[in-house]
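The block underneath contains the structure these notes are about, expressed in structure tokens.
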Amino acid sequence: MVYEALAKLHRENVLVGFTVPELIARFRLAVDDGIRKVMSKMGISTLQSYKGAQIFEALGIANEVVERCFVGTASRVGGTTLAGFAADALAMHNAAYGNSNAVPPALGDEGEYNWRRGGARHVNTPATVSNMQDAVRRENKAAWEAYTAEAQASVRDCTLRGLLELDDDDTTHAVPIDKVEPWTSIVKRFCTGAMSYGSISKEAHTALAVAMNAIGGKSNSGEGGEDAERSIVRADGSCARSAIKQVASGRFGVTSNYLADADELQIKMAQGAKAGEGGELLGTKVSADIARTRHTTPGVTLVSPPPHHDIYSIEDLKQLIYDLKSANEGARVSVKLVSEVGVGVVAAGVVKALADHILVAGHDGGTGAARWTGIKYAGLPWELGLAETHQTLVLNGLRGRVVLQTDGQLKTARDVAIAALLGAEEFGFATAPLVALGCVYLRRCHQNSCAVGIATQDPELRAKFGGQPEHVINFFHYLAEDLRTLMARLGFCTVREMVGHAERLRVRTDYASAKGALDLSSLLQPAHEMRRGVATHSVEQQQHDVAGRLDARLLPQLQEALQGGTTADIEVAIGNTDRAFGTVLSYH
Numbered sequence: 000m001v002y003e004a005l006a007k008l009h010r011e012n013v014l015v016g017f018t019v020p021e022l023i024a025r026f027r028l029a030v031d032d033g034i035r036k037v038m039s040k041m042g043i044s045t046l047q048s049y050k051g052a053q054i055f056e057a058l059g060i061a062n063e064v065v066e067r068c069f070v071g072t073a074s075r076v077g078g079t080t081l082a083g084f085a086a087d088a089l090a091m092h093n094a095a096y097g098n099s100n101a102v103p104p105a106l107g108d109e110g111e112y113n114w115r116r117g118g119a120r121h122v123n124t125p126a127t128v129s130n131m132q133d134a135v136r137r138e139n140k141a142a143w144e145a146y147t148a149e150a151q152a153s154v155r156d157c158t159l160r161g162l163l164e165l166d167d168d169d170t171t172h173a174v175p176i177d178k179v180e181p182w183t184s185i186v187k188r189f190c191t192g193a194m195s196y197g198s199i200s201k202e203a204h205t206a207l208a209v210a211m212n213a214i215g216g217k218s219n220s221g222e223g224g225e226d227a228e229r230s231i232v233r234a235d236g237s238c239a240r241s242a243i244k245q246v247a248s249g250r251f252g253v254t255s256n257y258l259a260d261a262d263e264l265q266i267k268m269a270q271g272a273k274a275g276e277g278g279e280l281l282g283t284k285v286s287a288d289i290a291r292t293r294h295t296t297p298g299v300t301l302v303s304p305p306p307h308h309d310i311y312s313i314e315d316l317k318q319l320i321y322d323l324k325s326a327n328e329g330a331r332v333s334v335k336l337v338s339e340v341g342v343g344v345v346a347a348g349v350v351k352a353l354a355d356h357i358l359v360a361g362h363d364g365g366t367g368a369a370r371w372t373g374i375k376y377a378g379l380p381w382e383l384g385l386a387e388t389h390q391t392l393v394l395n396g397l398r399g400r401v402v403l404q405t406d407g408q409l410k411t412a413r414d415v416a417i418a419a420l421l422g423a424e425e426f427g428f429a430t431a432p433l434v435a436l437g438c439v440y441l442r443r444c445h446q447n448s449c450a451v452g453i454a455t456q457d458p459e460l461r462a463k464f465g466g467q468p469e470h471v472i473n474f475f476h477y478l479a480e481d482l483r484t485l486m487a488r489l490g491f492c493t494v495r496e497m498v499g500h501a502e503r504l505r506v507r508t509d510y511a512s513a514k515g516a517l518d519l520s521s522l523l524q525p526a527h528e529m530r531r532g533v534a535t536h537s538v539e540q541q542q543h544d545v546a547g548r549l550d551a552r553l554l555p556q557l558q559e560a561l562q563g564g565t566t567a568d569i570e571v572a573i574g575n576t577d578r579a580f581g582t583v584l585s586y587h
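According to numbering that gives the first Met the number 0, the residues represented by the sequence shown are 0 to 587, in order.
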């Protein structure tokens, strides 16, 4: 059918300049390239291994379709029936042809990748961008309310959280808002996403860090390293140090000083917007300063491999956690996972590997370095991964040993409330803080041509950056205050109290779909009812036993040398069990 379509387009002079065999050859080349890309994401080397591997999960497809066409494929929430697919196909055919059998010279832009009036629905629209920037820059409460209304409407029928509503009908649970923890306490649970110095400009990167340090939250360095001088407190009392330092597969910028100067060390196993792909920074963005920070060569494209080449099992991950805890015993160690079927089992292994913190990233998260195929078709909603992870950890009695975080287009207090009720204790934001700093969604982040000076290293464009840390602070202030209002209605005085109470969520009473309704019951099962009497949020710290390691036991003998910068000679037997020897000493 595809070959016949190509021949028809050739006959009607829509595809010109090539013969039909050439068009077919080019089509096959494009398809082969796409399949190879998917195979590489999944770690599959041969076509034989790819065939029948069932590496996909169906999202929004009814079980009757899966059982007939995709036997054995996971489909957790049901969805569109065969009749729905037929209706879609006819609608697209009619949009393209109308009453004519001839193909028009050009099809209209349906806004599939960029917002177009009357086109495909996007969760970020010109109205949300303008209203939010007006709110945070002019402290305009009316603009903030307009932003919130628009943002909630934009996700209403195109995200899983948009199909849910808070169960707050019983007002007897409500508490006075002055009983709810203050916004200054809530914002300490907020983090900004891992966007490296290189992917975004120094001005944007430092503005995020200064803002988060000011409110007690955490900014994330991303995988590009960070200059040591940013840890110096400025004359005005501000500090541009990123509290979270990321360790990714490329290890760019990872030094002993980088590891020691962190409150949290995050191991990035994958990225929500492009699961299975590594980071890529084009050579045009690798300036001399960035190359110095990353310990690379200016002008050379930097690519992080999809996997960590020293991690092929939970045991390998446990060793890296051990190493990082030795390099900075005061920092908690986080592992970043992506939402996918089975992430709960993986998370259970990560907790047993002694991670202090787990981030479940959703596919909604965006990145300027992600391919369109990754943004559109890779990863799953954070709602699925978060609920599965929380429930699995509770069922296995592991939830109390780890802090759980999620991210992926969190933009309003309602998003945060739903995430908390599904099991999250901390919340990550990336797109929204950048919009607060001036992002206008040009979608040229990877091209070094951002006109507002955020995702560029061009000095002339960077000079146009007009964002201030106060804009980000105002965003989180408004968000936290809105969350306090929702908490009061639900009857929760603290965020910790509401973690995991999925029974306070329900499917929207007005939700209906002509293509087949989704079944969200698996998300809404309260984990505390699955296994009673176990912790449903973080209540204890992991036992890393740093003090029991050999080099830690040598510290008393080396205090004089460490403080005076002198040398010391000690004879001691070192065995195979003395892992990462010297790392604790280097930290001190």
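Cβ atoms here follow ideal geometry from the backbone N, Cα and C, with glycine treated the same way.
Own chain partners of isoleucine 176 with C-beta closer than 7 Å, once the 5 adjacent residues on each side are dropped:
Answer for isoleucine 176: Arg483, Thr484, Ala487, listed in chain order.
Can you tell me whether isoleucine 588 is buried or exposed, with buried defined as 16 or more other CB within 10 angstroms of its CB?
Beyond the ends of the chain as shown, which are 0 and 587, falls residue 588; an answer cannot be given.
8 Å Cβ cutoff met for threonine 603 and tryptophan 114
The shown model of the chain, from 0 to 587, leaves out residue 603, and the question about it has no answer.
Using the three-state DSSP reduction, which class does glutamate 66 fall into: helix, strand or coil?
The answer is helix: DSSP assigns glutamate 66 an H, G or I state.
So the candidates are Glu339, Ala150, Arg25; which of them puts its Cα closest to the Cα of methionine 41?
The shortest C-alpha separation from methionine 41 is found at Glu339.
Just to confirm the assignment: which complete alpha helix (DSSP H) runs, minimum length 4, are found wholly within the region 429 to 464?
Those alpha helix (DSSP H) runs which fall completely within the region 429 to 464 and span 4+ residues are 430 to 435, 458 to 461.
Does serine 325 come within less than 8 Å of chain B when only Cβ atoms are used?
The structure shown contains no chain B; it holds only a single protein chain.
How would you write the range of the beta strand (DSSP E) that phenylalanine 189 sits in, first residue to last?
Start and end: 189 to 193.
Should serine 312 be labelled buried (16 or more other beta-carbon atoms within 10 Å of its own) or exposed?
When all chains shown are included, serine 312 counts as exposed.
May I ask you to report which of helix, strand or coil DSSP gives isoleucine 43?
DSSP, read as helix, strand or coil, puts isoleucine 43 in coil.
Nearest to glutamate 263 by alpha carbon, out of Asp226, Ala274, Ala326, Asp309?
Put simply, of Asp226, Ala274, Ala326, Asp309 the residue whose alpha carbon is nearest the alpha carbon of glutamate 263 is Ala326.
Rounded Cβ spacing between threonine 183 and leucine 207 (contact assumed at less than 8 Å)
Threonine 183 to leucine 207, Cβ: 19 Å. No contact.
For the alpha helix (DSSP H) containing isoleucine 569, name the first residue and the last one.
The continuous stretches of alpha helix (DSSP H) do not include isoleucine 569, and DSSP gives it neither H nor E.
Could you pull out every residue in the same chain whose Cβ sits closer than 6 Å to the Cβ of glycine 83, ignoring the five residues on either side in sequence?
Contacts found: Lys514, Gly515.
Residues near alanine 274 in its chain [Cβ-Cβ closer than 8 Å; skip 5 each side]
Answer for alanine 274: Lys40, Val337, Glu339, His362, Gly373, Ala377, Gly378, listed in chain order.
Secondary structure of phenylalanine 426, DSSP reduced to three states
Here phenylalanine 426 sits in strand by DSSP.
Quick one: grab the DSSP three-state call for alanine 4.
Looking at alanine 4 - three-state DSSP - the assignment turns out to be helix.
How many Å lie between alanine 354 and valine 402 at the Cα?
Take the alpha-carbon of alanine 354 and the one of valine 402: they are about 9 Å apart.
Ignoring anything shorter than 3 residues or poking outside the region 314 to 399, list the beta strand (DSSP E) runs there in chain order.
Segments of the beta strand (DSSP E) lying fully in the region 314 to 399: 331 to 337, 356 to 360.
Could you pull out every residue in the same chain whose Cβ sits closer than 7 Å to the Cβ of valine 299, ignoring the five residues on either side in sequence?
Contacts found: Gly282, Val285.
Helix, strand or coil at tyrosine 112 according to DSSP, with G and I counted as helix:
Assignment of tyrosine 112 by DSSP, reduced to helix, strand and coil, places it in the coil class.
Closer than 6 Å by C-beta to serine 220: which residues in its own chain qualify, once you throw out the five before and the five after it? Chain order, please.
Here the set comprises Ser241, Lys244, Gln245.
Any idea what DSSP makes of arginine 240, helix, strand or coil?
Looking at arginine 240 - three-state DSSP - the assignment turns out to be coil, as it is neither helix nor strand.
Using 8 Å as the Cβ pair cut-off and three pairs as the minimum, do the region 153 to 169 and the region 507 to 527 touch?
The answer is yes - the region 507 to 527 touches the region 153 to 169, with three or more Cβ pairs under 8 Å.
Classification of tryptophan 371 by the beta-carbon crowding that lies within 10 angstroms, buried from 16 upward:
Looking at its Cβ environment, which holds fewer than 16 other Cβ atoms inside 10 Å, tryptophan 371 is exposed.
So what does DSSP say about leucine 58, is it helix, strand or coil?
In the three-state reduction of the DSSP assignment, leucine 58 falls in the coil class.
If you pair each beta-carbon of the region 536 to 553 with each one of the region 391 to 407, do three or more pairs fall below 8 Å?
Under the Cβ criterion (8 Å, minimum of three pairs), the region 536 to 553 counts as touching the region 391 to 407.
According to the neighbour-count rule (16 or more other Cβ atoms, all chains shown, within 10 Å of its Cβ), is asparagine 473 buried or exposed?
With 16 or more Cβ atoms within 10 Å of its Cβ, asparagine 473 is classed as buried.
Would you report the Cα separation of alanine 142 and histidine 500, rounded to the nearest angstrom?
In this structure, the alpha-carbon of alanine 142 lies about 31 Å from that of histidine 500.
DSSP-derived helix/strand/coil call for tyrosine 311:
DSSP, reduced to helix, strand and coil, places tyrosine 311 outside both helices and strands of the structure shown, so it counts as coil.
Let me know the secondary structure DSSP gives aspartate 588 once reduced to three states.
Lying before the first or after the last residue shown, residue 588 is absent from the chain, which here runs from 0 to 587.
Enumerate in chain order the residues of its own chain whose CB-to-CB distance from valine 434 is below 6 Å, with the five nearest sequence positions on each side excluded.
Counting only Cβ-Cβ distances below 6 Å, and skipping sequence neighbours, we find Val128, Met131.
Taking the CB atoms as reference points, tell me whether lysine 187 and glycine 161 lie closer together than 8 Å.
Taking 8 Å as the Cβ cut-off, lysine 187 and glycine 161 do not qualify as a contacting pair.
To the nearest angstrom, how far is the alpha carbon of valine 13 from that of arginine 116?
So the two alpha carbons sit approximately 26 Å from each other.
Indicate whether tyrosine 440 and threonine 292 have their beta-carbon atoms separated by less than 8 Å.
Cβ distance not < 8 Å, so tyrosine 440 and threonine 292 don't count as in contact.
Whole-angstrom distance between alanine 429 and leucine 301, CA atom to CA atom
Their Cα atoms are separated by approximately 22 Å.
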